[in-house]
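Visitor: Here you go, one structure.
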Amino acid sequence: MVSKHIRYWQKAIFLGILTLSFVPLPIWADSGPAHRVDEPFPIQLGTSGGNIKDISKGFCYGGTLGALVKDASGNQYILSNNHVLARTNVAALGEDIIQPGLIDQSPACFKDSTDIVANLSNFISINFKTKGTMRTNAVDAAIAQVRVGNVDPTGFIIDIGTLSSDTVAPSLSMAVKKSGRTTGLTHGNITAVNATIDVSYGSGKTARFTNQIVVGPGSFIAAGDSGSLMVENVDTDPRAVGLLFAGGSTTAIANPIGDVLDAFHVSMVGTGIGPDPSASLLGKILAWAKKFSGVTETQAASAQLPAHVSESAVDAVRRVKERHEGRLLATPGVIGVGVGLSDTIMKQAAIEIYVKQATEPLRQALPKSLDGVETKIVETGEIRAY
Numbered sequence: 062m063v064s065k066h067i068r069y070w071q072k073a074i075f076l077g078i079l080t081l082s083f084v085p086l087p088i089w090a091d092s093g094p095a096h097r098v099d100e101p102f103p104i105q106l107g108t109s110g111g112n113i114k115d116i117s118k119g120f121c122y123g124g125t126l127g128a129l130v131k132d133a134s135g136n137q138y139i140l141s142n143n144h145v146l147a148r149t150n151v152a153a154l155g156e157d158i159i160q161p162g163l164i165d166q167s168p169a170c171f172k173d174s175t176d177i178v179a180n181l182s183n184f185i186s187i188n189f190k191t192k193g194t195m196r197t198n199a200v201d202a203a204i205a206q207v208r209v210g211n212v213d214p215t216g217f218i219i220d221i222g223t224l225s226s227d228t229v230a231p232s233l234s235m236a237v238k239k240s241g242r243t244t245g246l247t248h249g250n251i252t253a254v255n256a257t258i259d260v261s262y263g264s265g266k267t268a269r270f271t272n273q274i275v276v277g278p279g280s281f282i283a284a285g286d287s288g289s290l291m292v293e294n295v296d297t298d299p300r301a302v303g304l305l306f307a308g309g310s311t312t313a314i315a316n317p318i319g320d321v322l323d324a325f326h327v328s329m330v331g332t333g334i335g336p337d338p339s340a341s342l343l344g345k346i347l348a349w350a351k352k353f354s355g356v357t358e359t360q361a362a363s364a365q366l367p368a369h370v371s372e373s374a375v376d377a378v379r380r381v382k383e384r385h386e387g388r389l390l391a392t393p394g395v396i397g398v399g400v401g402l403s404d405t406i407m408k409q410a411a412i413e414i415y416v417k418q419a420t421e422p423l424r425q426a427l428p429k430s431l432d433g434v435e436t437k438i439v440e441t442g443e444i445r446a447y
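Right, dumping it as structure tokens:
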């Protein structure tokens with residue numbers, strides 16, 4: 062069998078063309094091709110990968126190997142989704158994880174044992190709707206312990222670089238980015254938090270997730286980008302915000318990174334320092350805003366402009382949402398609710414209602430406000446695990 066390293070050199074011309082896309086600066090970012098090639102060891106992350114057994118009914122699959130995490134003993138693991146690494150609940154611990162994923166092998170679906178980079182260590186089972194009962198989920202996540210020497214121990218992510226070991230909580234309008242198998246480096250903004258979302262996994266399976274992050278635009282991720290790490294949009298050592306796993310026509314959905322790390326008792330592999338807010342053009346703009354508009358040090362470090370809505374206001378709207386979300390989610394065509402920004406009043410939160418299709422009868426059936434809080438209908442199409 063030809064070794065991984067020999068096969069890599071056979072692709073040298075192609076990789077040479079793409080070399081600049083590995084520079085972790087947005088100006089050099091590609092739209093995806095460099096994230097799907099067969100990398101030499103030690104691989105970088107934000108790249109195609111998946112379970113070597115992920116073949117079903119003649120189709121093979123792949124997602125994104127998102128980031129590197131570590132446990133208290135210093136053991137390192139690749140972080141991605143359950144449906145990427147653990148074959149949606151059915152994998153056995155120890156199964157091989159490869160880079161690239163089966164869908165990007167040559168030929169496609171070829172199980173190349175020289176591409177093994179890690180072994181499945183743990184995953185959080187996904188609860189699916191059964192007989193009318195909808196149990197909730199917090200994360201779609203799995204980890205795989207790296208094989209020594211096969212993964213860059215710094216956790217370098219293509220087009221992003223190394224990370225901070227710190228994380229940051231999501232907030233409305235936060236600027237974010239991700240590096241994934243299909244669309245490469247993309248940028249977006251958090252449009253809603255505290256969202257409850259019904260996600261389709263195909264074959265008639267639906268899972269409900271609570272306390273999720275909603276991101277726009279819809280082009281932020283595509284099929285195959287599942288498992289990508291979402292980070293704050295700064296140039297150097299960004300902090301992790303969430304783990305992407307699903308999307309629709311106008312939105313992407315991520316698990317809060319704090320919930321993901323807590324589930325496995327792990328932490329991010331990173332530099333141990335936060336981003337330097339003055340290291341980018343955005344940082345210079347924030348410095349100017351801080352001087353003339355009263356942006357705080359914390360907001361500047363988080364690469365955010367002054368908050369549109371206070372945390373207390375968001376929490377108040379969250380409580381209203383939770384009181385009514387059962388009734389809203391029982392409405393045919395409604396697939397989620399979250400806390401977003403008002404379209405009509407500055408610095409005001411609103412309840413977002415996510416629908417597959419915003420038909421006029423559905424618009425008429427949904428309330429314009431709840432307990433004095435504005436509601437807004439967001440058409441997303443079906444939200445699917447990507």
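Okay, so the sequence shown: first residue is 62 according to our numbering, each after it adds one.
Note that CB positions come from ideal geometry on N, CA and C, so glycine has one too.
No experiment lies behind these values; they were computed from the predicted model shown.
(1) Figure out for me which residue from T257, M329, H144 and G245 has the closest Cα to the Cα of D298.
(2) Leaving out five residues on either side along the sequence, give the residues of the same chain with a beta carbon under 6 Å from the beta carbon of E443.
(3) Does chain C have any CB closer than 8 Å to the CB of F281?
(4) Take T267 as the anchor and find which of L290, L126, I187 and M407 has the nearest alpha-carbon.
(5) Out of E413, L305 and V327, which one is the CA nearest neighbour of P317?
(6) Mind checking which residues open and close the alpha helix (DSSP H) that includes Q206?
(7) Check whether the Cβ atoms of H96 and S109 lie closer than 8 Å to each other.
(8) Indicate the three-state DSSP secondary structure (helix, strand or coil) for T191 in the structure shown.
(9) Does the distance from the C-beta atom of P278 to that of T228 stay below 8 Å?
(10) Please name the residue or residues paired with H248 in a DSSP beta bridge.
(11) Looking only at C-alpha atoms, which of T271, M291 and T405 sits nearest to T197?
(12) Taking contact to mean 3 or more Cβ pairs, one atom from each stretch, closer than 8 Å, check whether the stretch 408 to 423 and the stretch 278 to 290 are in contact.
(13) Looking only at C-alpha atoms, which of A153, P161, K190 and G119 sits nearest to L181?
(14) From the DSSP output, in three-state form, read off L81 for me.
(15) I'd like the span of the alpha helix (DSSP H) that includes V18, first residue to last.
(16) Is it buried or exposed, R388, if we count other Cβ atoms within 10 angstroms and call 16 or more buried?
(17) Could you say which of P393, M407 and E383 lies nearest to G399 if we only look at CA atoms?
(18) Let me know the secondary structure DSSP gives Q365 once reduced to three states.
(19) From what residue to what residue does the beta strand (DSSP E) around E435 run?
(20) Between the Cα of G155 and the Cα atoms of A411, F184, S232 and P393, which residue gives the shortest distance?
Guide: Concretely, from the data shown:
(1) Taking the first residue of the sequence shown as position 1, residue 298 is located at position 237. Checking every option, the nearest Cα to that of D298 belongs to M329.
(2) Stepping through the sequence shown from its first residue, residue 443 is reached at position 382. Closer than 6 Å at Cβ, skipping near neighbours: S261 and K417.
(3) Of the protein chains in this structure there is only one, and it is not chain C.
(4) Along the sequence shown, read from residue 1 onward, the residue named residue 267 stands at position 206. Measuring from the Cα of T267, the nearest candidate turns out to be I187.
(5) Taking the first residue of the sequence shown as 1, we reach residue 317 at position 256. Selected option, being the one with the closest Cα: L305.
(6) Position 145 of the sequence shown, counted from the start, is the residue given in the question as residue 206. It is not in any alpha helix (DSSP H) - Q206 instead sits in the beta strand (DSSP E) that spans A203 to V207.
(7) On the sequence shown, residue 96 is found 35 positions in, with the first residue counted as 1. On the sequence shown, residue 109 is found 48 positions in, with the first residue counted as 1. The answer is yes: Cβ separation under 8 Å.
(8) Translated into the one-based positions of the sequence shown, residue 191 becomes position 130. DSSP places T191 in strand when its eight states are reduced to three.
(9) What you label residue 278 is simply residue 217 of the sequence shown in a count that begins at 1. What you label residue 228 is simply residue 167 of the sequence shown in a count that begins at 1. No, these two residues do not count as a Cβ contact at 8 Å.
(10) Along the sequence shown, read from residue 1 onward, the residue named residue 248 stands at position 187. DSSP links H248 through a beta bridge to K238.
(11) For the purposes of this step, residue 197 is taken as residue 136 along the sequence shown, with counting starting at 1. Taking only the C-alpha atoms, the option nearest T197 is T271.
(12) Contact between the stretch 408 to 423 and the stretch 278 to 290 is absent, because fewer than three Cβ pairs lie under 8 Å.
(13) Indexing the sequence shown from 1 puts residue 181 at position 120. Per the Cα distances, A153.
(14) The count along the sequence shown starts at 1 and reaches residue 81 at position 20. Confidence is the limiting factor: at L81 the pLDDT is only 29, short of 50, which leaves the residue's position unreliable, though a coordinate-based value still follows. Here L81 sits in helix by DSSP.
(15) What is shown of the chain runs 62 to 447, which leaves residue 18 out entirely.
(16) Counted from its first residue, the sequence shown places residue 388 at position 327. R388 should be labelled exposed.
(17) Here residue 399 refers to the residue found at position 338 of the sequence shown. When only C-alpha atoms are compared, the closest one is E383.
(18) Here residue 365 refers to the residue found at position 304 of the sequence shown. The pLDDT assigned to Q365 is 47, lower than 50, so where the model puts this residue is not dependable; a value taken from the coordinates is nonetheless given after this. Three-state DSSP puts Q365 in coil, outside helix and strand.
(19) Against the sequence shown, residue 435 aligns to sequence position 374. It spans V434 to E440 - the beta strand (DSSP E) in which E435 sits, taken as one unbroken run.
(20) By 1-based counting over the sequence shown, the position of residue 155 is 94. Checking every option, the nearest Cα to that of G155 belongs to F184.
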